[in-house]
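My numbering puts the first residue of the sequence shown at 15, with every later residue one more than the last.
Cβ coordinates follow ideal geometry from the N, Cα and C atoms, glycine included.
Quick caveat, the model's predicted, so the values are computed rather than measured.
Here the structure comes first, spelled out in structure tokens, and everything after it is commentary.
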Amino acid sequence: MGVIFDTSFLIEAERRESEISQFAENEKEEVFGISVITVAELLHGVHRADSTKRRLKRSAYVEKVIELFPIYNFEISIARIYAELWCDLSRKGIQIGAHDLIIGSTALSLGFAVATYNLRHYEKIEGLKIAGMGNGVKP
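Rendered as structure tokens:
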């Protein structure tokens with residue numbers, strides 16, 4: 015099985031100054047990747063930096079993540095899963111942010127788990143496996 019890194023996971027890894035490249039080195043045991051939405055969220059963080067120094071540091075980290083991991087685009091097969099999940103959750107009165115729902119849909123389409131610190135959204139997606147926090151994937 016593979017793992018899709020959620021933005022919260024990658025931000026925590028950056029804060030802890032974890033060496034994210036070790037995940038790429040262990041890809042023989044497990045496949046790691048990110049959604050294109052995660053790339054957008056990380057780049058948004060670069061642009062929001064409150065100083066040039068912080069912007070440059072974030073930018074270097076984000077570029078390293080982009081270089082190291084496969085990026086899964088939002089394509090029609092994922093859009094179909096997304097639309098069904100969105101409808102099912104809406105019928106139940108459950109709201110999940112569009113970005114998290116796209117990331118979850120991407121993971122489901124690939125049969126992957128999501129590594130996240132944002133459990134409150136991802137736990138609501140039926141059938142989605144959560145990695146990390148005690149499951150062997152830690153930043």
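Residue i - containing beta strand (DSSP E), residue span
i, result
"Ala27", "It is not in any beta strand (DSSP E) - Ala27 instead sits in the alpha helix (DSSP H) that spans 21 to 29."
"Ile48", "45 to 49"
Residues of its chain near residue i, where Cβ-Cβ distance is below 6 Å and the 5 sequence neighbours each way are ignored
i, result
"Lys78", "none"
"Ala63", "Arg69, Arg72"
Backbone secondary structure at residue i - three-state DSSP
i, result
"Ala63", "coil"
"Ile108", "coil"
"Gly148", "Only weak support is given to the placement of Gly148: the predicted model assigns it a pLDDT of 43, under 50, and the question is left unresolved by the model."
"Ile80", "helix"
Residue range of the unbroken alpha helix (DSSP H) whose run includes residue i
i, result
"Tyr96", "90 to 105"
"Leu122", "112 to 124"
"Tyr136", "133 to 136"
Residues near residue i by beta carbon distance below 7 Å, same chain, minus five either side
i, result
"Lys143", "Ala127"
"Leu56", "Thr21, Leu24, Val76, Val79"
"Gly107", "none"
"Val53", "Ile80, Ile85"
Contacting residues, own chain, Cβ-Cβ under 8 Å from residue i (five flanking each side not counted)
i, result
"Gly125", "Met15, Gly16"
"Ala92", "Correcting the residue identity first, residue 92 is Ile in this sequence and not Ala. So the qualifying residues of the chain are Tyr86, Ile116, Ser119, Thr120, Ser123."
Pick from the options that is closest to residue i, judged by C-alpha positions
i, options, result
"Tyr96", "Phe83, Thr21, Ser32, Asp114", "Asp114"
"Tyr86", "Ile116, Val50, Ser123", "Val50"
"Ala27", "Ala129, Gly141, Trp100", "Ala129"
"Ser104", "Lys138, Lys71, Phe88", "Lys138"
"Glu211", "Gly111, Asp102, Asn132", "For residue 211 there is no data in the structure shown, the boundaries of the chain being 15 and 153."
"Gly59", "Arg29, Leu133, Glu98, Tyr131", "Arg29"
"Phe19", "Ile34, His61, Ile48", "Ile48"
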